[in-house]
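In the numbering used here, the protein residues as written are 68 to 297.
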Amino acid sequence: MNAREVALRILVAHEKEQGYINLSLKEGLHNNPLSDVDRGFVTELVYGVVKNRLTIDYWVDSFSKVKRNKMSPHIVQILRLGVYQVYYLDKIPPSAAVNECVKLAKTYGHQASASFVNGLLRNFLRSIDNLPMPSCDKAHTTYLSVKYSHPEWLVKRWLKQFGKVFTEALLEGNMLLPQTTIRVNTLKTTAEQLALKLQEEGFEVTPGKHSDYALMLSHSGNLERTKAFE
68 MNAREVALRI
78 LVAHEKEQGY
88 INLSLKEGLH
98 NNPLSDVDRG
108 FVTELVYGVV
118 KNRLTIDYWV
128 DSFSKVKRNK
138 MSPHIVQILR
148 LGVYQVYYLD
158 KIPPSAAVNE
168 CVKLAKTYGH
178 QASASFVNGL
188 LRNFLRSIDN
198 LPMPSCDKAH
208 TTYLSVKYSH
218 PEWLVKRWLK
228 QFGKVFTEAL
238 LEGNMLLPQT
248 TIRVNTLKTT
258 AEQLALKLQE
268 EGFEVTPGKH
278 SDYALMLSHS
288 GNLERTKAFE
């Protein structure tokens with residue numbers, strides 16, 4: 068089972084059980100042994116889809132004549148995975164992402180499902196530079212909800228409490244990718260050597276802002292499982 072299929076199963080199970088996504092992810096990774104790189108990819112896909120789900124669902128609804136509640140749970144999640152990869156992940160060729168989603172649709176649906184997924188994702192890809200969004204002027208709350216993937220009730224509450232400018236800044240801040248900062252054990256290595264080792268294991272590494280012995284990491288894998296951590 069590859070990383071995308073594991074991510075799909077985790078997302079389907081999570082939506083059915085309505086539990087905590089971190090626990091669903093942990094269980095899914097435990098039940099499906101994968102390489103560290105694939106574990107990181109699964110984590111990226113699962114958290115990425117959940118974090119951006121309101122935005123993704125708005126686009127899926129915009130490009131589909133079939134209501135999501137009429138689709139099978141697997142097809143809904145396959146579409147979410149496809150839209151997430153095409154729009155948010157610049158390291159994956161869009162055509163490859165679409166093709167892999169079509170394969171999943173054949174496995175968890177039928178030929179008509181695969182054709183539907185293929186058509187929707189390719190239409191989405193063709194419209195990538197002009198994607199639909201709610202009107203900022205006519206439906207500002209809905210616009211902010213969709214743009215920043217936050218529930219409307221929360222956006223409405225923040226607008227009332229904080230006003231437009233601060234609310235949008237708060238929403239934007241919530242969507243920033245978190246970074247992990249680590250301190251280098253200079254008795255064993257240097258910051259430069261550790262950075263190279265971590266980069267070889269798939270991490271994006273930048274120097275720390277406040278110390279020469281700190282590194283900032285952007286990666287969705289498990290740092291404790293790396294050779295550099297040993």
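Cβ coordinates follow ideal geometry from the N, Cα and C atoms, glycine included.
Beta-carbon proximity of L261 to L282, cut-off 9 Å: Position 194 of the sequence shown, counted from the first residue, corresponds to residue 261. Position 215 of the sequence shown, counted from the first residue, corresponds to residue 282. Contact: yes.
Expected contact under 8 Å - CB spacing of T122 and V213 to nearest Å: For the purposes of this step, residue 122 is identified with residue 55 of the sequence shown, where counting begins at 1. For the purposes of this step, residue 213 is identified with residue 146 of the sequence shown, where counting begins at 1. Correct: roughly 6 Å between the Cβ atoms.
So what's I77 in DSSP terms, helix, strand or just coil? Counting from one through the sequence shown, the residue named residue 77 turns up at place 10. Helix, per DSSP.
Would the segment 157 to 164 count as touching the segment 124 to 140 if we require 3 or more Cβ pairs under 8 Å? Because the criterion of three Cβ pairs below 8 Å is not met, the segment 157 to 164 and the segment 124 to 140 do not touch.
Can you check whether the CB of L265 is closer than 9 Å to the CB of L244? Counting from 1 along the sequence shown, the entry for residue 244 is found at position 177. Counting from 1 along the sequence shown, the entry for residue 265 is found at position 198. The answer is no: Cβ separation not under 9 Å.
Among D103, H141, K118, nearest to N89 - alpha-carbon criterion: By one-based count along the sequence shown, residue 89 stands at place 22. The option with the nearest alpha carbon to N89 is K118.
Just the Cα atoms here: how many angstroms apart are N185 and V143? Here the question's residue 185 lines up with position 118 in the sequence shown. Here the question's residue 143 lines up with position 76 in the sequence shown. A straight-line Cα-Cα distance of about 13 Å links N185 and V143.
Output the distance between the C-alpha atoms of E259 and T247, rounded to the nearest integer angstrom. Sequence index remark: in the sequence shown, residue 259 carries index 192 (1-based). Sequence index remark: in the sequence shown, residue 247 carries index 180 (1-based). Rounded to the nearest angstrom, the two C-alpha atoms are 17 Å apart.
Extent of the continuous beta strand (DSSP E) run through E271: For the purposes of this step, residue 271 is taken as residue 204 along the sequence shown, with counting starting at 1. Segment 271 to 274, the beta strand (DSSP E) holding E271.
If we ignore side chains and look at the alpha-carbon of each, how far apart do A70 and I159 end up? Within the sequence shown, numbered from 1, the residue matching residue 70 stands at position 3. Within the sequence shown, numbered from 1, the residue matching residue 159 stands at position 92. Looking at the backbone, the Cα of A70 and that of I159 are separated by about 13 Å.
Based on the DSSP secondary-structure assignment, which residues constitute the bridge partners of M68? Residue numbering aside, residue 68 sits at position 1 when the sequence shown is read from its first letter. Answer by DSSP bridge pairing: none, since M68 is not bridged.
Can we say the segment 174 to 184 touches the segment 223 to 230, given the rule of at least three CB pairs closer than 8 Å? The answer is no - the segment 223 to 230 does not touch the segment 174 to 184, with fewer than three Cβ pairs under 8 Å.
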